[in-house]
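This report concerns only the one structure given below.
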Amino acid sequence: MAALATDVAREPEGKPVKHAYLAGLRRLIGVLAGIQSTDDPTRDRSTALAQLSTMVGALVLARATKGHALSNEIMAAARKNILGGIDRVRSAAK
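Numbering (the numbering used here), first residue to last: -14 to 79.
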């Protein structure tokens, strides 16, 4: 997702790569929304979008800072934020 985003953005509409990227993105969003464990599909989708954005952004920034402690800090903070959010949602659903 992260590595191809810039290249896919430059492709003209209607190109197969755009369709494939979008389809993959939608599938991943569906998976993430499905693990939210709430009865609110709109909220689950919104949370999934935020989680995916956090993962992709963290990966891009961590790659850009590879070799520095900041790279590991970025990934750890994103992981903690996402997993903490999933735990909170599951606790609230019980």
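Virtual Cβ for every residue (Gly too), placed ideally from N, Cα, C. None of the values given here were measured: they were computed from a predicted structure.
Neighbourhood of residue i by C-beta, 7 Å cutoff - its chain only, sequence neighbours within 5 removed
i     : result
Met60 : Ala43 and Ala47
Collapsed DSSP secondary structure at residue i in the structure displayed
i       : result
Glu58   : helix
Met40   : helix
His53   : coil
Pro26   : helix
Gly19   : helix
Pro(-3) : coil
Among the options, nearest to residue i - alpha-carbon criterion
i        : options                          : result
Leu37    : Gly52, Gln21, Asp25 and Lys51    : Gln21
Met(-14) : Asp24, Lys3, Pro(-3) and Glu(-2) : Lys3
Status (buried if at least 16 other CB within 10 Å, exposed otherwise) for residue i
i     : result
Thr32 : buried
Leu17 : buried
Proximal residues to residue i (C-beta, below 8 Å), its chain only, five neighbours per side dropped
i     : result
Ile14 : Arg30, Ala33, Leu34 and Leu37
Same chain, Cβ closer than 6 Å to residue i, neighbours up to 5 away in sequence not counted
i    : result
Tyr6 : Val(-7)
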